[in-house]
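Input: a single structure, listed below in C-alpha cells.
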Amino acid sequence: MNSGTARSMHGASAPVLVAGMGFVTPLGQTVDAFDDALFNGRSAVRARTLRIKGLDPVELAVAACEFESAGVRSSSRLPLDRGTAMALAAACDAGADAGLTPGSVEPERLGIFWGSGLAGAGAFDDTTQALYGEQRRMRPTTVLTVMPNAAVAELALQFGAQGAAIAYACACASSAVAIGEAMRAIRGGWIDVAIAGGHDAMLTPGVMASWHAMRVTAPLPPGAPESACRPFSSDRAGFALGEGAVALVLESEAHARARKATRESTRAPLALVGYATNCDATHITNPDACGQVRAMHAALRDAGIAPAQVGNINAHGTATRAGDAAEAASVREVFGNATPVSATKAIHGHVLGGGGAMELAAALRTLARGLLPPTANLRLPDAAFDLDFVRGEAREARGLRYVLSNSFAFGGTNAVLVAGRATNP
Numbered sequence: 003m004n005s006g007t008a009r010s011m012h013g014a015s016a017p018v019l020v021a022g023m024g025f026v027t028p029l030g031q032t033v034d035a036f037d038d039a040l041f042n043g044r045s046a047v048r049a050r051t052l053r054i055k056g057l058d059p060v061e062l063a064v065a066a067c068e069f070e071s072a073g074v075r076s077s078s079r080l081p082l083d084r085g086t087a088m089a090l091a092a093a094c095d096a097g098a099d100a101g102l103t104p105g106s107v108e109p110e111r112l113g114i115f116w117g118s119g120l121a122g123a124g125a126f127d128d129t130t131q132a133l134y135g136e137q138r139r140m141r142p143t144t145v146l147t148v149m150p151n152a153a154v155a156e157l158a159l160q161f162g163a164q165g166a167a168i169a170y171a172c173a174c175a176s177s178a179v180a181i182g183e184a185m186r187a188i189r190g191g192w193i194d195v196a197i198a199g200g201h202d203a204m205l206t207p208g209v210m211a212s213w214h215a216m217r218v219t220a221p222l223p224p225g226a227p228e229s230a231c232r233p234f235s236s237d238r239a240g241f242a243l244g245e246g247a248v249a250l251v252l253e254s255e256a257h258a259r260a261r262k263a264t265r266e267s268t269r270a271p272l273a274l275v276g277y278a279t280n281c282d283a284t285h286i287t288n289p290d291a292c293g294q295v296r297a298m299h300a301a302l303r304d305a306g307i308a309p310a311q312v313g314n315i316n317a318h319g320t321a322t323r324a325g326d327a328a329e330a331a332s333v334r335e336v337f338g339n340a341t342p343v344s345a346t347k348a349i350h351g352h353v354l355g356g357g358g359a360m361e362l363a364a365a366l367r368t369l370a371r372g373l374l375p376p377t378a379n380l381r382l383p384d385a386a387f388d389l390d391f392v393r394g395e396a397r398e399a400r401g402l403r404y405v406l407s408n409s410f411a412f413g414g415t416n417a418v419l420v421a422g423r424a425t426n427p
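Counting from 1 along the sequence shown, just add 2 to a position and that's the residue number in the working numbering.
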C-alpha cells in the first residue's frame, strides 16, 4: 500500500473510522454479551467485602470482570499486572475484529494511544504487601509491571507498532483523551492506524480502601447490591468501582480503503467525528459546569455539527451529588432538554481511567443498533435536573446519526468524544 496516498487524504476534520473493538468488561467480553446487558440495563455490580488486617471489614459495591489474567501471554514474557493483561486481551480482540494482519499496516504508521488512571495498581499493591507486610524481597521486574506505560509497551510489542506509543494519565478522562489524541494523530497524517483505548483494574485492597475513604463510593442497599449506583437519581449516593479494558482500532478512511477493510455486523461503518479536551482549573475534585460546557461546544465544533443533531448523550454520570448536578447543568445549557441522556456506570461500574473507552464503546453500540440504553436504577430523577433521561427500558432511535460521550475527571480534565455514521470504504 502507498502510505503517501493515505497521508494526502487526511484532513483536520476528517472522520476517523472505528475499524474494530475489543472488550474485557464486567458486562462480558463479546459484543453480544455487552449489548445484552447494556440494552437491558442489567447491572454487574455485586457486593465485596474489603478485609485489611487491623481494620474492620467493609462491604463495598464493585463491578468485577470474569477474567483470568494468568492465561494472557505477553511478547515481553514478563509477569503482567491484571490491568495490563486486560489491555492486551482487549487489544488483540480489537485487532482481530478489524481484520489486522501482519503487513496490513506499515509499522511506522501504527500507533498506540492508551489511558489508565492508576496503571499497575494490582502489581503495586502485591509488591507493597510482600515488602512491608511479609518482609520478602521484591521481584526484579517490579518496575516494569507497575510503570504507567506498561500496557503501552506490551501493546507495541504485540502489534509491532513503531509509530507514537503514548500513555495518558488524567484520572477518569484518561482513555477518552487517549482515543481523542489518536484521532488527531490520524487526522494530522502522522499515522494511519491506532490501537487506542484504556483500562483500569483497581479492585485491590489499597485502592478500594482509598476510594472508600473519599466517601464517593455508594453504600450497599440491603439485599440489592446491583442498585447501588443510581446516576441522576434523587437518592444517588455515589458510584460502584469497576474494572476492565476496551480497545478500538482507529483508521483513516484512505488506509481502510487501500487495505479493503470489511465491516460486518459487529463492525458497523462508524467513525469518530469530534473531540475536545480542556481543564476546569477551578478545583481538584469539584467539577465545574462552565468547563464542561466549553468542552462540549468545542467537540461539536470539531465535528461540524449542531447540538440538535446529537441523538444520545452517554453521560459521565458518576451518581455523586456534586458530579451529577454539574453535568446536568452543563448538558442542559448546551443541549436543552430534548436530547436523550443515558448513564451506563450504573451497570458496569466506574472504570476510572478506562471508563471513557468503555462508555464510548456503549455509545458506539448505541449508534450501531439505533437503540438508546436505559439508565439503570433511575426510578425517580432529581427534580432539579430538567433532562430527558432514558430509563426503564431501551428506547428505539431510528435515524440516529450522532452520539456524544462525556468524561469529566478529578483534576479538572474534561474530554468529550462525538461519533457518527461513516460511509463504508
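Virtual Cβ for every residue (Gly too), placed ideally from N, Cα, C.
Check your understanding: Per DSSP, what kind of secondary structure is His-318 in: helix, strand or coil?
Key -> As a position in the sequence shown, residue 318 is number 316, starting the count at 1. Reduced to three states, the DSSP call for His-318 is coil.
Review point. Going by C-alpha distance, which of Thr-341, Ser-229, Leu-90, Trp-116 is nearest Ala-399?
Key: If you number the sequence shown from 1, residue 399 lands on position 397. The residue with the shortest Cα to Cα distance from Ala-399 is Thr-341.
**Study point:** Status (buried if at least 16 other CB within 10 Å, exposed otherwise) for Ile-114
**Key:** Position 112 of the sequence shown, counting from 1, holds the residue named residue 114. Buried, because 16 or more other Cβ atoms sit within 10 Å of the Cβ of Ile-114.
Check your understanding: Quick one: what's Phe-241 bridged to in DSSP?
Key -> Within the sequence shown, residue 241 is the residue found at index 239, counting from 1. BP columns for Phe-241 point to Thr-219.
Practice item. Assuming Thr-279 and Leu-243 form a contact by the criterion Cβ under 8 Å, report the distance between their Cβ atoms to the nearest whole angstrom. Key: Walking along the sequence shown from the start, residue 279 turns up at place 277. Walking along the sequence shown from the start, residue 243 turns up at place 241. Not really, about 24 Å apart at Cβ, beyond 8 Å.
Practice item. Take every Cβ of the segment 182-193, pair it with every Cβ of the segment 140-153, and state whether three or more of those distances are shorter than 8 Å. Key: no
Point to revise | Buried versus exposed, by CB contacts within 10 Å (16 or more), Asn-288 | key: Sequence index remark: in the sequence shown, residue 288 carries index 286 (1-based). Burial call: exposed.
Exercise for review: Return the CA-CA distance between Leu-419 and His-201, expressed in angstroms with no decimal places.
Suggested key: Taking the first residue of the sequence shown as position 1, residue 419 is located at position 417. Taking the first residue of the sequence shown as position 1, residue 201 is located at position 199. Rounded to whole angstroms, Leu-419 to His-201 spans 17 Å at the Cα level.
Exercise for review: Kindly give me the distance between the Cβ atoms of Leu-19 and Ala-370, rounded to whole angstroms, as I take these residues to be in contact under 8 Å.
Suggested key: Your numbering for residue 19 matches position 17 in the sequence shown. Your numbering for residue 370 matches position 368 in the sequence shown. Incorrect: roughly 13 Å between the Cβ atoms, too far for contact.
**Study point:** Simplified DSSP assignment, three categories, for Met-149
**Key:** Reading the sequence shown from its first residue, position 147 is the one you call residue 149. Reduced to three states, the DSSP call for Met-149 is coil.
Check your understanding: From Ala-421 to Tyr-404, what does the alpha carbon distance come to, in whole angstroms?
Key -> Locating residue 421 in the sequence shown gives position 419, where the first residue counts as 1. Locating residue 404 in the sequence shown gives position 402, where the first residue counts as 1. So the alpha carbons of these two residues sit roughly 6 Å apart.
Check your understanding: Buried or exposed: where does Thr-377 fall if 16 or more other Cβ atoms within 10 Å of its Cβ makes it buried?
Key -> Along the sequence shown, read from residue 1 onward, the residue named residue 377 stands at position 375. Counting Cβ neighbours within 10 Å, Thr-377 comes out buried, since at least 16 surround it.
Point to revise | Beta-ladder partner(s) of His-299, from DSSP | key: Position 297 of the sequence shown, counted from the first residue, corresponds to residue 299. Beta-bridge pairing links His-299 to no other residue.
Review point. Is Tyr-277 helix, strand or coil by DSSP?
Key: Stepping through the sequence shown from its first residue, residue 277 is reached at position 275. Looking at Tyr-277 - three-state DSSP - the assignment turns out to be strand.
Check your understanding: Any chance the segment 96-110 sits against the segment 154-174, with 3 or more Cβ pairs inside 8 Å?
Key -> yes
Exercise for review: Could you check how far apart the C-beta atoms of Gly-199 and Ala-247 are, in whole angstroms? I think they sit under 8 Å.
Suggested key: One-based indexing of the sequence shown puts residue 199 at position 197. One-based indexing of the sequence shown puts residue 247 at position 245. So it is a contact: roughly 7 Å between Cβ atoms.
Review point. Taking one C-beta from the segment 53-73 and one from the segment 203-220 each time, how about it: are there three or more such pairs within less than 8 Å?
Key: yes
Review point. Are at least three pairs of beta-carbons, each pair with one atom in the segment 116-123 and one in the segment 80-99, less than 8 Å apart?
Key: yes
Check your understanding: Do you know how far the Cα of Gly-24 is from the Cα of Arg-269?
Key -> Within the sequence shown, numbered from 1, the residue matching residue 269 stands at position 267. Within the sequence shown, numbered from 1, the residue matching residue 24 stands at position 22. Note that Arg-269 scores 48 on pLDDT, short of 50, meaning its location in the model is unreliable; the coordinates nonetheless yield the value given after this. Cα to Cα, Arg-269 sits roughly 11 Å from Gly-24.
Practice item. Count the CB pairs spanning the segment 45-64 and the segment 252-262 that are closer than 8 Å, and state whether there are at least three. Key: no
Point to revise | Helix, strand or coil at Glu-361 according to DSSP, with G and I counted as helix | key: Counting from one through the sequence shown, the residue named residue 361 turns up at place 359. Here Glu-361 sits in helix by DSSP.
Exercise for review: Count the other C-beta atoms from every protein chain shown that fall within 10 angstroms of the C-beta of Ile-54, then say buried if there are 16 or more, exposed otherwise.
Suggested key: Counting from one through the sequence shown, the residue named residue 54 turns up at place 52. By the 10 Å Cβ count, Ile-54 comes out exposed.
**Study point:** Nearest to Leu-374 (by Cα), restricted to the options Thr-27, Gly-401, Gly-358, Asp-388
**Key:** Position 372 of the sequence shown, counted from the start, is the residue given in the question as residue 374. For the residues Thr-27, Gly-401, Gly-358, Asp-388, the minimum Cα distance to Leu-374 belongs to Gly-401.
**Study point:** DSSP state of Leu-205 mapped onto helix, strand, coil
**Key:** Counting from 1 along the sequence shown, the entry for residue 205 is found at position 203. Leu-205 falls in the coil class under three-state DSSP.
Review point. Does DSSP put His-214 in a helix, a strand or coil?
Key: Within the sequence shown, the letter at position 212 stands for residue 214. Helix.
Review point. Exposed or buried, which one is Asn-2 when buried takes at least 16 other CB atoms within 10 Å?
Key: Only positions 3 to 427 of the chain appear in the structure, and residue 2 is not among them; the question remains open.
Review point. Are at least three pairs of beta-carbons, each pair with one atom in the segment 381-395 and one in the segment 352-369, less than 8 Å apart?
Key: no
**Study point:** Sub-8 Å separation of Asn-408 and Ala-317 beta-carbons
**Key:** Residue 408 sits at position 406 when you count from the first residue of the sequence shown. Residue 317 sits at position 315 when you count from the first residue of the sequence shown. Yes, the pair counts as a contact, with Cβ atoms nearer than the cut-off.
Check your understanding: By the 10 Å Cβ neighbour count, where 16 or more other Cβ atoms means buried, how is Lys-2 classified, buried or exposed?
Key -> With the chain covering 3 to 427 only, the question about residue 2 has no answer from this structure.
Practice item. Would you kindly work out how many angstroms separate the C-alpha atoms of Ala-424 and Ala-175, rounded to a whole number? Key: For the purposes of this step, residue 424 is taken as the residue at position 422 of the sequence shown. For the purposes of this step, residue 175 is taken as the residue at position 173 of the sequence shown. If you take the alpha carbons of Ala-424 and Ala-175, they lie about 25 Å apart.
Check your understanding: Which of helix, strand or coil does DSSP assign to Asn-339?
Key -> Here residue 339 corresponds to residue number 337 of the sequence shown, with the count starting at 1. Coil, per DSSP.
Check your understanding: Do you know whose CA, among Gly-135, Cys-172, Leu-102, lies nearest Trp-116's CA?
Key -> In the sequence shown, the residue the question calls residue 116 occupies position 114. That would be Cys-172, whose Cα lies nearest to the Cα of Trp-116.
Review point. Should Glu-136 go down as buried or exposed, given a rule of 16 or more other Cβ atoms within 10 Å for buried?
Key: If you number the sequence shown from 1, residue 136 lands on position 134. Flag for Glu-136 reads exposed.
Practice item. Just the C-alpha distance for Arg-189 and Leu-252, rounded to the nearest angstrom, thanks. Key: In the sequence shown, residue 189 corresponds to position 187, counting from 1. In the sequence shown, residue 252 corresponds to position 250, counting from 1. About 11 Å.
Practice item. In the DSSP assignment, find the unbroken beta strand (DSSP E) run with Val-439 in it and report its ends. Key: Residue coverage of the chain in this structure runs from 3 to 427, which leaves residue 439 outside it and unanswerable.
Check your understanding: Which stretch, first to last residue, makes up the alpha helix (DSSP H) that contains Gly-24?
Key -> Here residue 24 corresponds to residue number 22 of the sequence shown, with the count starting at 1. Where Gly-24 is concerned, there is no enclosing alpha helix (DSSP H), although the beta strand (DSSP E) it sits in stretches over 18-26.
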